[in-house]
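A.B. asks:
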Amino acid sequence: MAYELLEKELKDLPESNIADVIEYIQFLKFKLLRDQNNTDSAIVERKHPERKLGILQGKFVMADDFDETPDCFKEYM
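Each residue of the sequence shown is one higher than the one before, starting from 15 at the first, in our numbering.
#1: Whose C-beta lies closer than 6 Å to the C-beta of residue 78 among residues of the same chain, with five residues either side of it excluded?
#2: Is the CB-CB distance between residue 83 and residue 76 below 7 Å?
#3: Whole angstroms is fine: what's the gap from residue 68's alpha carbon to residue 43's?
#4: Residue 40 by DSSP, collapsed to three states: which one?
#5: May I have the straight-line CA-CA distance separating residue 26 from residue 51, to the nearest angstrom?
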């Protein structure tokens, strides 16, 4: 029954909207697969490539007085 209704509705759509329907169906299928692969669909774990620690070591220099309040802001403190 649902397929017959879907087919009828598709026949009434202009050709330009058929592509939108196909994209939406593909989105629904992707979402279904994603939800089946994740135990909790509310939390989607993003996997990042392994990060190497210390790769930027020595590239940035911080002043010794970095944590001190600048003179121009002392009146606001």
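A virtual CB, placed ideally from N, CA and C, is assigned to each residue, including glycine.
Quick caveat: nothing in here was measured; it's all calculated off a predicted structure.
C.D. replies: Quick answer:
#1: Numbered from 1 along the sequence shown, position 64 holds the residue referred to as residue 78. Cβ neighbours of residue 78 beyond the five flanking positions: none.
#2: On the sequence shown, position 69 is the one that residue 83 refers to. On the sequence shown, position 62 is the one that residue 76 refers to. No.
#3: Mapped onto the sequence shown, residue 68 falls at position 54. Mapped onto the sequence shown, residue 43 falls at position 29. About 41 Å.
#4: As a working note, residue 40 is residue 26 in the sequence shown. Reduced to three states, the DSSP call for residue 40 is helix.
#5: For the purposes of this step, residue 26 is taken as residue 12 along the sequence shown, with counting starting at 1. For the purposes of this step, residue 51 is taken as residue 37 along the sequence shown, with counting starting at 1. Distance between the alpha carbons of residue 26 and residue 51: 36 Å.
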